[in-house]
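Have a look at the structure below before the remarks.
2 protein chains.
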Amino acid sequence: MNVPRPAFDPAVLPAGGAAADDSHQHVRFGDGLALECGAVLDELVVAYRTYGRLDADRANAILVCHALTGDQYVAEPHPLTGKPGWWSNLVGPGLPIDTDRFFVICANVLGGCMGSTGPRSTRPDGTIWGTDFPPVTIRDMVDAQARLIDHLGIDRLFAVIGGSMGGMQVLQWAARYPERVFAALPIATAAQHSAQNIAFNEVSRQAIAADPDFHAGHYRDRGTIPARGLGVARMMAHITYLSEEALTRKFGRRLQSAPASPAAGGGAGLFGEMFEVESYLRHQGSSFVRRFDANSYLTVTRAMDYFDLARDHDGDLASAFAGTFTRFCVVSFSSDWLFPTAQSRAIARALNRAAANVSFVEIDTDKGHDAFLLDEPDMHRTVAGFLDGAAIHAGLRPAPPGVAAPGPRGKAP
Amino acid sequence: MNVPRPAFDPAVLPAGGAAADDSHQHVRFGDGLALECGAVLDELVVAYRTYGRLDADRANAILVCHALTGDQYVAEPHPLTGKPGWWSNLVGPGLPIDTDRFFVICANVLGGCMGSTGPRSTRPDGTIWGTDFPPVTIRDMVDAQARLIDHLGIDRLFAVIGGSMGGMQVLQWAARYPERVFAALPIATAAQHSAQNIAFNEVSRQAIAADPDFHAGHYRDRGTIPARGLGVARMMAHITYLSEEALTRKFGRRLQSAPASPAAGGGAGLFGEMFEVESYLRHQGSSFVRRFDANSYLTVTRAMDYFDLARDHDGDLASAFAGTFTRFCVVSFSSDWLFPTAQSRAIARALNRAAANVSFVEIDTDKGHDAFLLDEPDMHRTVAGFLDGAAIHAGLRPAPPGVAAPGPRGKAP
Numbered sequence: 001m002n003v004p005r006p007a008f009d010p011a012v013l014p015a016g017g018a019a020a021d022d023s024h025q026h027v028r029f030g031d032g033l034a035l036e037c038g039a040v041l042d043e044l045v046v047a048y049r050t051y052g053r054l055d056a057d058r059a060n061a062i063l064v065c066h067a068l069t070g071d072q073y074v075a076e077p078h079p080l081t082g083k084p085g086w087w088s089n090l091v092g093p094g095l096p097i098d099t100d101r102f103f104v105i106c107a108n109v110l111g112g113c114m115g116s117t118g119p120r121s122t123r124p125d126g127t128i129w130g131t132d133f134p135p136v137t138i139r140d141m142v143d144a145q146a147r148l149i150d151h152l153g154i155d156r157l158f159a160v161i162g163g164s165m166g167g168m169q170v171l172q173w174a175a176r177y178p179e180r181v182f183a184a185l186p187i188a189t190a191a192q193h194s195a196q197n198i199a200f201n202e203v204s205r206q207a208i209a210a211d212p213d214f215h216a217g218h219y220r221d222r223g224t225i226p227a228r229g230l231g232v233a234r235m236m237a238h239i240t241y242l243s244e245e246a247l248t249r250k251f252g253r254r255l256q257s258a259p260a261s262p263a264a265g266g267g268a269g270l271f272g273e274m275f276e277v278e279s280y281l282r283h284q285g286s287s288f289v290r291r292f293d294a295n296s297y298l299t300v301t302r303a304m305d306y307f308d309l310a311r312d313h314d315g316d317l318a319s320a321f322a323g324t325f326t327r328f329c330v331v332s333f334s335s336d337w338l339f340p341t342a343q344s345r346a347i348a349r350a351l352n353r354a355a356a357n358v359s360f361v362e363i364d365t366d367k368g369h370d371a372f373l374l375d376e377p378d379m380h381r382t383v384a385g386f387l388d389g390a391a392i393h394a395g396l397r398p399a400p401p402g403v404a405a406p407g408p409r410g411k412a413p
Numbered sequence: 001m002n003v004p005r006p007a008f009d010p011a012v013l014p015a016g017g018a019a020a021d022d023s024h025q026h027v028r029f030g031d032g033l034a035l036e037c038g039a040v041l042d043e044l045v046v047a048y049r050t051y052g053r054l055d056a057d058r059a060n061a062i063l064v065c066h067a068l069t070g071d072q073y074v075a076e077p078h079p080l081t082g083k084p085g086w087w088s089n090l091v092g093p094g095l096p097i098d099t100d101r102f103f104v105i106c107a108n109v110l111g112g113c114m115g116s117t118g119p120r121s122t123r124p125d126g127t128i129w130g131t132d133f134p135p136v137t138i139r140d141m142v143d144a145q146a147r148l149i150d151h152l153g154i155d156r157l158f159a160v161i162g163g164s165m166g167g168m169q170v171l172q173w174a175a176r177y178p179e180r181v182f183a184a185l186p187i188a189t190a191a192q193h194s195a196q197n198i199a200f201n202e203v204s205r206q207a208i209a210a211d212p213d214f215h216a217g218h219y220r221d222r223g224t225i226p227a228r229g230l231g232v233a234r235m236m237a238h239i240t241y242l243s244e245e246a247l248t249r250k251f252g253r254r255l256q257s258a259p260a261s262p263a264a265g266g267g268a269g270l271f272g273e274m275f276e277v278e279s280y281l282r283h284q285g286s287s288f289v290r291r292f293d294a295n296s297y298l299t300v301t302r303a304m305d306y307f308d309l310a311r312d313h314d315g316d317l318a319s320a321f322a323g324t325f326t327r328f329c330v331v332s333f334s335s336d337w338l339f340p341t342a343q344s345r346a347i348a349r350a351l352n353r354a355a356a357n358v359s360f361v362e363i364d365t366d367k368g369h370d371a372f373l374l375d376e377p378d379m380h381r382t383v384a385g386f387l388d389g390a391a392i393h394a395g396l397r398p399a400p401p402g403v404a405a406p407g408p409r410g411k412a413p
């Protein structure tokens, strides 16, 4: 029988996971932050990166909000993996989010593991928060970002943009600080997490909790990390980021160093790693555990699960945006089954009911939820066009020649 | 922070998992079985159950094939859990598979853990196979069933029926022993496992392998079982058996013993088990590990992944059924995303190309893949009607009055 080898060997991993340190550019707020759960953080650290130059009138700032496993390194190599920034195909000089024109800000979310206050931060008493870190919500993440925006002396953001959990933050920004958001681009997201998504997150949390190296969250004290549990969680989540079509196109049933027929080679085809999609997923899991912290994964997935913007407004999503002057561009992807188009359409409908200025675009692609991170020309044209139009309304200086792009090709919600 | 407790406590579980013993009704074949991988089992045990009475002419036998985690206890309480048979709503006196009329047979699959030869069986040298058990395929499972059918003195089965992996066996039966299958009902299945399904299975295997109680498959020797890994695998798989609609309808975002808003109750809503869907999944996982063996889960999921009936026939599925006289009824469910209707339609198209007698029915339901196990009146009417019509063609004695049902309401493939 094929005995699967655990793909995630804790021995080869840095004890305690990716370093929690002050090496990340950050700002420290000594007056702390009051959380939605009622707890108060005595001190708040927000790690962030910026790209481009802030205009004299401070009107050209774009806040990028990252997703569950993202970070502030949007348009530059990741300090731990050396890989290009997670949105380096969208953010940069001459790109749809043009850093020759806009001042782009991205902060590691509250509860994250790349320098912002989170489970790996130090408490006032000098110990590590670990599992004692209070639960945070999307609203708390946005409040922490608002402190950063204050610190940067920016009253109003020209735009807030993000995909997946980043899109939840965009919606929360527009609902909580409408006067501070001129334009909002929630991409591949939802106004509330679905039962199916909560279910997948719960399996991820169970996979982490089932790893004996988790030590009820105190793995740092034991000099280990729950690499196997976190790796399994990532493998499963990664399937939900793709589509059946994309998986079939990328891998199909292709074998890797194994005969095509199990009958051939005395069953060699029945042993070990055989389908390409299997080794691909194992790689996804093992590379992930090198850069992400398990307690942050638990904290941030919980924040996604709690997110329900309608619940916070008497069950009516429209009232979350009542009287808003923000210009919205809602984007979804046809093959995204984690955040299906229907959920984006529900956002657009609520914005219509709130008499908001909204365009809705469903991008036709077979790449699934992952599409928001990939080179999707239609999405890039949509973002560039929407920002270009909004910039005119905002009275920003026009785009440098050659950057102009066609406007969003919207469908009626 | 909410620290998830592992839902699966090995301490409360039987060491080595559900008992592997001879208590199950079985037949032993001393001449063994040659497997597709090239290995040969010196001895073959097939555990099975029968319902109803075999006619004098032995023409009224129906073979039921079970799915990944099913077993031979189709229409009677499960000996370990005491729960009703897994298809007791479909198989029984006066039910669509009428045991007053048909002789129903179901065997535990080769590689399973309910009495048939599998990883928990004893080798000739007296030791347990464990992870040394050779890899098996759907074809091997069908060959083992054929030995049972021979033993029962049945030349031709009136019908072979099964859902999911059971449907794979139905297709393999029709392709390998066409003269022995008068009617075939493959339900919610596919002629080859998709890349997405292989991916989900691989995550399940990794979750099991990641459990230190797995001991590379030798957990029985250590008197333990990989309960946490197997539980996580089951939780994830269970999500794929349902649909987003079904999860939303059954659970939505309902909370369990927690305030609706995380802001209320000093964040009590942010601690512990909060969404109903979470505790439901934990229950699914913990009850599963009490009855199923991890090595069997690895063996049988591999068999599903290898299944590719077209590959075994020069890439042309139609040639797998060339010249068949078997009557087919292919059934799918509209909300099944694990075995989508498109895969059943591909089977029906291949059967059409093979000039076979085939009807295809897509049942409209929001219950997902699970629907094949549930009370789906349309499916039950379809099965009853198809069997009734086939029985006339087979020259079986007519159904007792009151059992007749409307025929299948087919759609053109």
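Going down the list, the protein sequences come from chains A and B.
Letter by letter, the first sequence follows residues 1 to 413 in UniProt numbering.
Letter by letter, the second sequence follows residues 1 to 413 in UniProt numbering.
From the three backbone atoms N, C-alpha and C, an ideal C-beta is built for every residue, glycine too.
Limits of the unbroken beta strand (DSSP E) element including N352/A = Unbroken run through N352/A is the alpha helix (DSSP H), T341 to R353; no beta strand (DSSP E).
Pull up the distance between the alpha-carbon of A342/A and that of H66/A, whole angstroms please.
-> In a straight line, the C-alpha of A342/A is about 22 angstroms away from that of H66/A.
Closest residue to A75/A among G94/A, A59/A, R58/A and Q145/A (Cα-Cα distance) | If we check each option's Cα against that of A75/A, G94/A comes out closest.
Beta-carbon proximity of L54/A to I105/A, cut-off 7 angstroms = For L54/A and I105/A, no; Cβs fall outside 7 angstroms.
When the cut-off is 7 angstroms and only beta carbons count, does Q343/B lie next to chain A?
-> No, Q343/B lies away from the interface with chain A (no Cβ there is under 7 angstroms from its Cβ).
With 7 angstroms set as the bound, which would you pick, yes or no: does the beta-carbon of L387/B sit closer than that to a beta-carbon of chain A?
-> Taking Cβ atoms only, chain A never reaches closer than 7 angstroms to L387/B, which makes this a no.
Span of the beta strand (DSSP E), counted from its first residue to its last, around N357/B = Run containing N357/B: N357 to I363, per the beta strand (DSSP E) assignment.
Through-space distance from M165/B to L338/B, alpha-carbon basis | C-alpha separation (whole angstroms): 12 angstroms.
Cα-Cα separation between I363/B and T248/B, rounded to whole angstroms = Distance between the alpha carbons of I363/B and T248/B: 20 angstroms.
Return the CA-CA distance between A210/A and D42/A, expressed in angstroms with no decimal places.
-> Cα to Cα, A210/A sits roughly 32 angstroms from D42/A.
7 angstroms Cβ cutoff, F251/A in contact with chain B = Closer than 7 angstroms: yes.
Which residues share a DSSP beta bridge with P186/B?
-> In DSSP, P186/B forms a bridge with G162/B.
Would you please state the rounded distance, in angstroms, between the beta carbons of A356/B and F328/B? I believe it to be under 8 angstroms.
-> Confirmed, about 6 angstroms.
Could you tell me the distance, in whole angstroms, from the CA atom of G231/B to the CA atom of A233/A?
-> Between G231/B and A233/A, the C-alpha separation is close to 13 angstroms.
Residues that F275/B bridges to, as DSSP identifies them = In DSSP, F275/B forms a bridge with L255/B.
Taking 8 angstroms as the threshold, find out whether the region 31-41 of chain B comes into contact with the region 127-134 of chain B through three or more Cβ pairs.
-> Under the three-pair Cβ rule at 8 angstroms, the region 31-41 of chain B counts as touching the region 127-134 of chain B.
Nonlocal neighbours in the same chain, by C-beta distance under 6 angstroms from G217/A, ignoring five residues either side | The residues are G130, T131 and N295.
Rounded distance between the beta-carbons of G368/A and Y241/A, thought under 8 angstroms = Their Cβ separation, rounded to whole angstroms, is 6 angstroms, which keeps Y241/A and G368/A in contact under 8 angstroms.
Please confirm if T99/A has its CB atom under 7 angstroms from at least one CB of chain B.
-> Closer than 7 angstroms to the CB of T99/A there is not a single CB belonging to chain B.
Measure the CB-CB distance between D48/B and A107/B and report whether it falls below 7 angstroms.
-> It is worth fixing the name first, because residue 48/B is Tyr in this sequence and not Asp. Result yes, Cβ atoms of Y48/B and A107/B sit closer than 7 angstroms.
Residues that T248/B contacts on chain A, provided the C-beta gap is smaller than 8 angstroms = Within chain A, the residues near T248/B are S194, A195 and Q196.
What separation, rounded to the nearest whole angstrom, lies between the Cα atoms of P212/A and A39/B?
-> So the alpha carbons of these two residues sit roughly 37 angstroms apart.
G395/B classed as buried or exposed, judged by whether at least 16 other C-beta atoms fall within 10 angstroms = That one is exposed.
Is the region 272-281 of chain A touching the region 190-205 of chain B in the sense that three or more CB pairs, one from each, lie closer than 8 angstroms?
-> Taking a cut-off of 8 angstroms on C-beta distances, the region 190-205 of chain B touches the region 272-281 of chain A, as three or more cross pairs fall below it.
Let me know the secondary structure DSSP gives T248/A once reduced to three states.
-> In the three-state reduction of the DSSP assignment, T248/A falls in the helix class.
In terms of alpha-carbon separation, which member of I208/A, F103/A and A318/A lies closest to A346/A?
-> Among I208/A, F103/A and A318/A, the Cα nearest to that of A346/A belongs to A318/A.
May I ask you to list, following chain order, the residues of the region 214-239 of chain B that have a beta carbon less than 7 angstroms from some beta carbon of chain A?
-> From the region 214-239 of chain B, only A216, G217, R228, G229, V232, M235, M236 and I239 have a Cβ closer than 7 angstroms to chain A.
What does a CB cutoff of less than 8 angstroms around L13/A pick up in its chain, not counting 5 residues either side in sequence?
-> Below a pLDDT of 50, predicted positions are generally treated as unreliable, and L13/A, at 43, falls in that range; no measurement from the model is reported.
Measuring only between beta-carbons, confirm whether R28/B sits less than 7 angstroms from chain A.
-> No, its Cβ sits nowhere closer than 7 angstroms to a Cβ of chain A.
CB contact flag (A188/A, F372/A, <7 angstroms) | Yes, Cβ-Cβ distance for A188/A and F372/A is below 7 angstroms.
Between which two residues does the alpha helix (DSSP H) harbouring H380/A extend?
-> Note, H380/A: alpha helix (DSSP H), P377 to A394.
State yes or no: is the C-beta of I208/B within less than 7 angstroms of the C-beta of G229/B?
-> Less than 7 angstroms divides the Cβ of I208/B from the Cβ of G229/B.
With burial defined as no fewer than 16 other Cβ atoms inside 10 Å of the residue's Cβ, what is the status of D293/B: buried or exposed?
-> So D293/B ends up on the buried side.
Proximal residues of chain B, C-beta to C-beta of A144/A below 7 angstroms = The premise fails here: A144/A is roughly 16 angstroms from chain B at the closest Cβ pair, so nothing lies under 7 angstroms.
Spell out whether any CB of chain B is found under 7 angstroms from the CB atom of L281/A.
-> At least one CB atom of chain B sits nearer than 7 angstroms to the CB of L281/A.
Could you check where the beta strand (DSSP E) with residue 429/A kicks off and where it finishes?
-> The question about residue 429/A has no answer, for chain A in this structure spans 1 to 413.
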